[in-house]
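Here the structure comes first, spelled out in structure tokens, and everything after it is commentary.
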Amino acid sequence: MRSWLEINLNNLSYNLAQIEKLTNKKVIPVIKANAYGLGSIQIAQYLKSKDYDLYAVANFHEALEIKESGVNIKTLIMGNNDKDDLQQAIKNNFSITISSWDDIKNLETITSNINSLIHIKIDTGMGRIGFLPSEAEKAIQYIKTNNLGEIEGIYSHLSSADENEDEFTLNQITQFSKYENNENIKFRHILNSPGIFKYYKNTNTNYVRPGIAMYGILLFDSPLKNILKPVFKLKTKIIYLKKLQKETFISYGKTESGQKGDIIATLPIGYADGLDRRFSNGGIVKVLGQECKIIGRVCMDMTMIVIPESIKDRVEIGTEVDIYDEEIQTAAEKIGTIADELMTRINKRVQRRHI
Ligand SMILES: *Cc1c(COP(=O)(O)O)cnc(C)c1O
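Residue numbering for the sequence shown follows the working numbering, beginning at -2 and increasing consecutively.
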């Protein structure tokens, strides 16, 4: 018995279409980290028929994995590449991010750099990678003068669009604004998912980079939330059921016990599958639409839940259980994290079913 992730591809492309309609900008679907755990190859393959201009991944190896699967899409590597990866990336015709003078130095040592497709990254406030705005112009001129490749893109990244940080975020957007209308550069982009929903009216860039939103999740409350459809569910089935004869400890460490008469179901999913161990003693899953509480510690391969009175007559071995659904962000907040982390930690032991 395996747990599985159900992925609704129709809803995924529906969400992308909704984002394009809302923003009047084209999307660069972000399929890094195995498409946030949902399967980058299958998703790239499906989206290919929709003819998007560009897809984004984090590093060279993610781009290569997709290419070697036979899915031929145009890919931007958003992270920094070391010299070897940079050379390989250029050879494979991937679009690369140039974000520092060290990157430029590496580019210069690669002899076959004629075809390099460059996106310049500017740090407007994220503090991660990127030229300072004051350096960017110099870098662009240097690349042009020395024929180091074609500058097909320019971009920046918002650090706090999902927080109450209007002023800071608008300042980031303003710093980038001198590039947003530059039609000599094909791809101009700054908005991530929260940025898309909150600031699409504040920038004239022609592309946006949705990650989590295309997968149906918003990390903050927004009236626009409803324009997205859910894309995935992490599911499992009950493999064991028992009615307690007396008060009984459940799971490792005797951290919790069930009472006489409680119905306890065992699920074949644990933290090695990606069900976060911090959901021990109180995490919520759904059976037949009813919330059920995790009792005791989440184990590596199994987890126990309490079946509520209201559904006890309808539950049997094989009954399906929803572990993470469209409310994953609420669950994530309870243990101090975000949906992205829970999604990207769903292990390969969990089967991906693309529908
Ligand atoms: C991950 C990432 C994104 C997508 O972010 P979401 O908030 O999931 O939309 C966009 N741009 C960059 C540079 C990223 O690293």
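Backbone N, C-alpha and C fix where the C-beta goes; we use that ideal spot for every residue, glycine too.
Outcome for residue i when other beta-carbon atoms lying within 10 angstroms are tallied against a minimum of 16
| i | result |
| --- | --- |
| S58 | It should be noted that the sequence gives His, not Ser, for residue 58. So H58 ends up on the exposed side. |
| T300 | buried |
| D259 | buried |
| R349 | buried |
| Q326 | buried |
| P220 | exposed |
| G124 | exposed |
| M297 | exposed |
| T106 | exposed |
| Q138 | exposed |
| Y33 | buried |
| Y249 | exposed |
| F302 | Residue 302 is actually Ile in this sequence, not Phe. Flag for I302 reads buried. |
| F246 | exposed |
| I314 | exposed |
| T94 | buried |
| S307 | exposed |
| Y49 | buried |
| S46 | exposed |
| D99 | exposed |
| D310 | exposed |
| T200 | buried |
| A133 | buried |
| D218 | exposed |
| G286 | exposed |
| G36 | buried |
| A14 | exposed |
| D163 | exposed |
| G293 | buried |
Residues of its chain near residue i, where Cβ-Cβ distance is below 6 Å and the 5 sequence neighbours each way are ignored
| i | result |
| --- | --- |
| R342 | G271 |
| N179 | none |
| F128 | I119 and A136 |
| N78 | F57 and A86 |
| Y212 | Y33 and V228 |
| E147 | L114 |
Endpoints, the beta strand (DSSP E) within which residue i is located
| i | result |
| --- | --- |
| H351 | Q348 to H351 |
| T94 | S92 to I95 |
| Y321 | E317 to Y321 |
| S153 | E147 to S153 |
| F217 | No beta strand (DSSP E) contains F217, which DSSP labels as neither H nor E. |
| R125 | Run containing R125: none; DSSP gives neither H nor E here. |
| R185 | F184 to H186 |
Cβ-Cβ separation, residue j to residue i (assumed contact under 8 Å), whole Å
| i | j | result |
| --- | --- | --- |
| N112 | I87 | 6 Å |
| A158 | P191 | 4 Å |
| I235 | T316 | 5 Å |
| P207 | V54 | P207 to V54, Cβ: 14 Å. No contact. |
| K232 | I320 | 6 Å |
| L188 | Y196 | 6 Å |
| V318 | V284 | 5 Å |
| T202 | Y237 | Their Cβ separation, rounded to whole angstroms, is 53 Å, which puts T202 and Y237 out of contact at 8 Å. |
| A329 | E338 | 7 Å |
| L73 | I25 | 7 Å |
| S0 | P305 | Contact doesn't hold; Cβ gap of about 21 Å is too wide. |
| Y356 | K22 | Nothing can be reported for residue 356, as the shown portion of the chain is limited to -2 through 352. |
Close-in-space but distant-in-sequence residues of the same chain around residue i (CB under 8 Å, 5 per side omitted)
| i | result |
| --- | --- |
| Q242 | K257 |
| E149 | S92, L114, I115, H116, I182, K183 and F184 |
| E389 | Past the edges of the chain, shown from -2 to 352, lies residue 389, and the structure says nothing about it. |
| I38 | E62, I63, S66 and V68 |
| N172 | Correcting the residue identity first, residue 172 is Gln in this sequence and not Asn. Answer for Q172: I119, T121, G122, P130 and S153, listed in chain order. |
| I126 | G76, N77, T94, S96, S97, K118 and D120 |
Contacts around residue i, its chain only, beta-carbon distance under 7 Å, and the 5 residues preceding and following it disregarded
| i | result |
| --- | --- |
| Q169 | T121, G122, S153 and L155 |
| I352 | E3, I4, N5 and L6 |
| L275 | Residue identity differs from the one stated: residue 275 is Arg in this sequence, not Leu. So the qualifying residues of the chain are I332. |
| G267 | V295, C296, M297, D298, M299 and T300 |
| K64 | N89 |
| K20 | In the sequence on display, residue 20 carries Thr and not Lys. Contacts found: I193, Y197 and V205. |
| K226 | N8, Y11, N12 and G213 |
Residue i: first and last residue of the uninterrupted alpha helix (DSSP H) it sits in
| i | result |
| --- | --- |
| E132 | P130 to T142 |
| L114 | Counting along the chain, L114 falls outside any alpha helix (DSSP H), though it belongs to the beta strand (DSSP E) covering L114 to I119. |
| E3 | E3 -> not in any alpha helix (DSSP H); beta strand (DSSP E) instead, spanning W1 to I4. |
| K175 | D163 to E177 |
| P191 | S190 to Y196 |
| L104 | W98 to T106 |
| L225 | Where L225 is concerned, there is no enclosing alpha helix (DSSP H), given that its DSSP letter is neither H nor E. |
| E330 | I325 to K331 |
| D337 | A336 to T341 |
Any non-hydrogen atom of ligand 2 closer than 8 Å to residue i Cβ
| i | result |
| --- | --- |
| G213 | Inclusion of ligand 2 in the displayed structure is not the case, the ligand content consisting of ligand 1 alone. |
Any C-beta of chain B under 9 Å from that of residue i
| i | result |
| --- | --- |
| A262 | No chain B is part of this structure, which consists of one protein chain only. |
Query - Segments assigned beta strand (DSSP E), at least 3 residues, entirely inside the segment 230 to 317 - result: Correct list: 237 to 240, 260 to 264, 281 to 284, 287 to 291 and 300 to 304.
Requested in this report: Please go through the segment 18 to 83 and give each complete alpha helix (DSSP H) segment of 4 or more residues, from N-terminal end onward.
Outcome: Fully enclosed alpha helix (DSSP H) runs of 4 or longer: 29 to 33, 37 to 45 and 57 to 65.
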